[in-house]
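Position in the sequence shown counted from 1, then plus 131, gives you my numbering. Heads up, the beta-carbon is just placed ideally off N, CA and C, and yes, glycines get one too.
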Amino acid sequence: FSCHDTGGGGQCLAYSQSHQLLISGGKRGDICIFDLRQRKRLAISQAHDSQLKALCLDPLEKFYVTGSTEGNIKVWRLQGCEMVQCFYNEHSRRGFLHSQTSGVNHLHLTASRHLFSSGSDGTISVRQLTQID
Numbered sequence: 132f133s134c135h136d137t138g139g140g141g142q143c144l145a146y147s148q149s150h151q152l153l154i155s156g157g158k159r160g161d162i163c164i165f166d167l168r169q170r171k172r173l174a175i176s177q178a179h180d181s182q183l184k185a186l187c188l189d190p191l192e193k194f195y196v197t198g199s200t201e202g203n204i205k206v207w208r209l210q211g212c213e214m215v216q217c218f219y220n221e222h223s224r225r226g227f228l229h230s231q232t233s234g235v236n237h238l239h240l241t242a243s244r245h246l247f248s249s250g251s252d253g254t255i256s257v258r259q260l261t262q263i264d
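This is how it looks when you write it as structure tokens:
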């Protein structure tokens, strides 16, 4: 598979077993979705303005969540790649200069739709996602 050709390659991955999809987040904020059965790229989209650092799927594999070095977290519908919720500056970088160690570090979404995130700002956040179906 080829994706993230123009700068830096893939930074994070998630695998959907039920749909046989591989989701890849890139250094330039792009998302690629690959269908492993058909061996082709299904979608590519610009998810963030900066490098993706974290990516996870919900246990029912209906949604995926992305986190970037800018500190934003976005929730996406797997079918159609539509953004359904965004948390701006959830783990925003501090100060004038930033590095690849800033922003969102890890994401986890539970079956009860609790979203856990940790960031380089030293915080851990828990959110209940209520606006997605």
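So the candidates are the options; which of them puts its Cα closest to the Cα of residue i?
i: residue 176; options: 163, 191, 240; result: 163
i: residue 248; options: 145, 236, 259; result: 236
i: residue 180; options: 198, 187, 191, 211; result: 198
i: residue 213; options: 196, 165, 170, 153; result: 196
i: residue 259; options: 251, 242, 253, 169; result: 242
i: residue 190; options: 145, 134, 218; result: 145
i: residue 150; options: 168, 202, 257, 182; result: 168
i: residue 215; options: 194, 173, 165; result: 194
For residue i, does the count of other Cβ atoms within 10 angstroms reach 16, so buried, or fall short, so exposed?
i: residue 265; result: No statement about residue 265 is possible, as the shown extent of the chain runs from 132 to 264 and does not include it.
i: residue 178; result: buried
i: residue 262; result: exposed
i: residue 140; result: exposed
i: residue 143; result: buried
i: residue 217; result: exposed
i: residue 255; result: exposed
i: residue 205; result: buried
i: residue 133; result: exposed
i: residue 253; result: exposed
So what does residue i bridge to, in DSSP terms?
i: residue 141; result: 157
i: residue 174; result: 164
i: residue 134; result: DSSP output for residue 134 lists no bridge partner at all.
i: residue 118; result: In the structure as shown, the chain begins at 132 and stops at 264. Residue 118 is therefore absent and cannot be evaluated.
i: residue 186; result: 197
Check the C-beta distance from residue i over to residue j and give it rounded, since I have them as a contact under 8 Å.
i: residue 192; j: residue 147; result: 5 Å
i: residue 234; j: residue 202; result: 5 Å
i: residue 152; j: residue 185; result: Incorrect: roughly 18 Å between the Cβ atoms, too far for contact.
i: residue 188; j: residue 157; result: With a Cβ gap of about 17 Å, residue 188 and residue 157 do not count as contacting.
State yes or no: is the C-beta of residue i nearer than 7 Å to some heavy atom of the ligand COA?
i: residue 171; result: In the structure shown, the ligand COA is absent, as is every other ligand, since no ligand is present at all.
**Prompt:** Which full runs of the alpha helix (DSSP H) of 4+ residues lie inside the stretch 198-262, going along the chain?
**Reply:** For the stretch 198-262, not a single whole alpha helix (DSSP H) run of length 4 or above is found.
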